[in-house]
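In the numbering used here, the protein residues as written are 104 to 307.
Here it is, written out as structure tokens:
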């Protein structure tokens, strides 16, 4: 396995078919159970996100043919991918962001997340689990986080993902009840707010 990191949006989209395949496999399983068509919609979203200022991506590849996708020879298989970019403030009024702001409050949201690097997506083929792919991708996209300020969200139903981030040294901030409102928010291991952020913010 090798990891290509520091990819601009267009470079990550060069692996679009592999990214789509990984997304479909990773999120077609419980607890996500997404329809395969969601993978196509994800690529559409990724095409928009690829233009964000500061976007960075990484792919984990199996095989050694060339340095990227190309017309000749056998292309390396994409085992997983990740994407991240700096967080603007206030957070967008879409997806789970309003729930994050409500959980943290405006002051902590701005201090902890504003300008920090958000890991938006991290996905690994189920067949590649246990090989260190997720850890390598996570390190690849967060290695350049300013002052170690990085964060991410996952679902409280994704128990395996929650365990993975805890083992990787990330600090869980929000603790919604199972099926309760709001996502699980993690601060990166080097985030300056991590010692304070480790205090529980239980959501009703």
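Beta carbons are placed, not taken as given, at the ideal position from N, Cα and C, and that holds for glycine.
The structure presented is a predicted model; accordingly, all values stated were derived computationally and were not measured.
- The stretch 182-195 makes no contact with the stretch 130-144; the number of CB pairs closer than 8 angstroms stays below 3.
- A direct Cα-to-Cα measurement between residue 158 and residue 252 gives close to 15 angstroms.
- The stretch 128-213 contains, as complete alpha helix (DSSP H) runs of 4+ residues, the segments 140-152 and 200-207 (chain order).
- For residue 109, the enclosing beta strand (DSSP E) covers residues 105-110.
- Counted as a single uninterrupted DSSP element, the beta strand (DSSP E) harbouring residue 226 occupies residues 220-227.
- Counting along the chain, the unbroken beta strand (DSSP E) around residue 287 starts and ends at 287-290.
- Residue 255 is bridged by DSSP to 222 and 289.
- Per the Cβ contact rule, the stretch 206-215 is in contact with the stretch 288-297 (3 or more Cβ pairs under 8 angstroms).
- Membership of residue 249 in any beta strand (DSSP E) is not indicated, and neither H nor E is assigned to it by DSSP.
- Closest by C-alpha distance to residue 107, out of 162, 119 and 118, is 162.
- One alpha carbon belongs to residue 279, the other to residue 230, and they sit about 29 angstroms apart.
- With at least 16 other beta carbons inside 10 angstroms of its own, residue 223 counts as buried.
- With fewer than 16 other CB atoms across the displayed protein chains lying within 10 angstroms of its CB, residue 266 is exposed.
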